[in-house]
């Protein structure tokens with residue numbers, strides 16, 4: 192917008208300068224010509240009285256010398272009364288121009304090499320004499336070049352001045368718009384304290400007021416949602432207390448220990464939700480250099496937990512690729528929550544006896560975790576990858592796969608749903624190790640393009 196205003200102002204000012212400077216320059220040129228010929232007329236008028244008194248050559252030569260120069264003036268006296276024609280000074284005009292002036296009886300001009308001549312007729316008793324005054328081209332254009340240079344300088348100064356004014360006006364309009372755009376970007380990046388100065392033209396001030404009001408409402412809505420999340424999570428403490436007491440009375444055994452561990456983990460998750468909502472901070476801190484977890488260790492731990500339930504339901508379980516360390520830039524609790532969401536989906540959405548598998552592939556710049564089952568599969572993967580829609584069954588919130596998606600995208604990876612070699616569903620988690628967007632081909636679960644869509648199952 193700023194440069195557009197400058198360009199428009201330059202164009203308009205240039206047209207105005209041309210519209211006034213060109214005619215003014217032509218007028219100046221014509222005035223210089225009139226001035227030169229007016230001087231020539233005065234010189235011719237100084238000789239005319241002497242012609243009416245005498246036609247003697249010697250006398251007239253002295254008069255011409257006193258009036259000007261015989262190099263620029265000439266007198267043409269016709270023959271008459273028995274006297275020959277007299278030519279004084281340097282003649283430049285051709286004979287037909289002199290004859291035409293005598294016939295017309297009025298002053299005229301004629302073009303000659305190097306300039307022009309003024310031919311002034313003077314009536315004598317013997318005929319009509321013609322006074323010729325030479326006007327050089329340099330005298331006709333004297334001062335015109337300087338005047339045109341001054342006009343050009345004034346025009347350039349006007350254009351520069353208009354550019355400066357347009358630039359200031361553009362800055363006054365553009366800067367508030369830039370601040371508004373920067374504020375919108377900052378708000379989009381999560382900087383909820385971003386506000387825009389209410390400055391500039393009326394329209395931009397109104398936009399800034401609306402933006403600040405919107406930002407305040409967003410902050411208030413988020414605060415209300417955090418309070419609501421904390422309150423709802425706090426309500427879970429009572430049934431969790433009952434579960435913990437009941438789990439304590441189960442006695443000994445693997446199932447009892449797993450139940451008590453699950454209740455303790457649930458209590459920790461609820462406490463984390465309440466604390467995070469109250470403090471308005473992310474659930475997990477940013478992963479720094481050297482942080483993260485061992486994916487193989489987390490997979491083995493969670494599979495040990497789910498294998499007991501799989502044994503009770505007669506499910507075959509296969510785990511591959513966890514025999515060596517596999518470091519990833521993801522918090523341990525986040526990866527565990529993502530695996531629990533996927534494995535919980537297997538138990539929830541497939542019948543008892545359905546086999547499932549977890550594979551870990553350690554590539555050069557990424558780690559791929561595949562969770563597959565031998566169930567009926569997903570008819571519409573696109574619909575399943577929509578946050579909050581779920582499967583339509585009881586107990587399905589549609590948020591499980593969204594947890595997985597956010598974990599993968601936090602590293603620059605993504606999540607895809609496909610068909611597994613077991614015949615059912617395969618969920619592939621691509622965890623990028625260097626933070627770059629994945630661009631891979633050739634693997635069954637490889638990324639073809641980064642998908643921003645959210646996922647749900």
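Residue numbers (the numbering used here): 192 to 648. C-beta atoms are modelled at their ideal positions from N, C-alpha and C, and glycine is treated no differently.
Under the three-state reduction of DSSP output, residue 268 falls in the strand class.
Distance check between residue 204 and each of 353, 329 and 382 places 353 closest, using alpha-carbon atoms only.
Taken atom to atom, the span from the alpha-carbon of residue 325 to that of residue 306 is near 7 Å. Taking the CA atoms as reference points, residue 625 sits about 46 Å from residue 437. Looking at the backbone, the Cα of residue 219 and that of residue 303 are separated by about 23 Å. In the DSSP annotation of this structure, residue 508 is not part of any alpha helix (DSSP H); the continuous beta strand (DSSP E) holding it starts and ends at 508 to 511.
Less than 8 Å separates the beta-carbon of residue 621 from that of residue 559. Here residue 328 is exposed, its C-beta having fewer than 16 other C-beta atoms within 10 Å. Secondary structure at residue 464: helix, using DSSP grouped into helix, strand and coil.
According to DSSP, residue 279 shares a beta bridge with 266. Three or more pairs of CB atoms, one per stretch, sit closer than 8 Å, so the stretch 357 to 368 contacts the stretch 395 to 407. With a minimum length of 3 residues, the unbroken runs of beta strand (DSSP E) contained wholly in the stretch 497 to 541 fall at 508 to 511. With fewer than 16 other Cβ atoms inside 10 Å of its own Cβ, residue 245 counts as exposed.
Burial of residue 545 is indicated by the presence of at least 16 other C-beta atoms within 10 angstroms of its C-beta.
Looking at 499, 502 and 490, the one whose alpha-carbon comes closest to that of residue 533 is 490.
Counting only runs of at least 4 residues, the stretch 211 to 261 fully encloses the following alpha helix (DSSP H) elements, listed from N- to C-terminal order: 248 to 258. DSSP places residue 320 within a strand segment (E or B) once states are collapsed to three. Considered as a whole, the stretch 278 to 356 harbours 286 to 295 and 328 to 331 as its complete alpha helix (DSSP H) runs of no fewer than 4 residues, in chain order. Residue 336 and residue 213 have their alpha carbons spaced roughly 13 Å apart. Within a 10 Å sphere around the beta-carbon of residue 283 sit 16 or more other beta-carbons, which makes this residue buried. Between the alpha carbons of residue 209 and residue 227 lies a gap of roughly 27 Å. In chain order, 489 and 493 place their CB closer than 7 Å to the CB of residue 527, counting only its own chain and leaving out the 5 sequence neighbours on each side. Taking C-alpha positions only, residue 599 is separated from residue 394 by approximately 42 Å. Cβ contact annotation for residue 330 (same chain, cutoff 7 Å, sequence separation greater than five): 227, in chain order. Counting along the chain, residue 594 sits inside the alpha helix (DSSP H) bounded by residues 591 to 600. With a beta-carbon spacing of about 6 Å, residue 309 and residue 235 fall inside the 8 Å limit used to define contacts.
Listed as beta-bridge partners of residue 194 by DSSP are no residues whatsoever. With 16 or more neighbouring CB atoms inside 10 Å of its own CB, residue 267 falls in the buried class. Listed in chain order, the non-local C-beta contacts of residue 457 below 7 Å within the same chain comprise 431, local neighbours out to five positions each way being set aside.
Membership of residue 573 in the alpha helix (DSSP H) is indicated by the continuous run 572 to 575.
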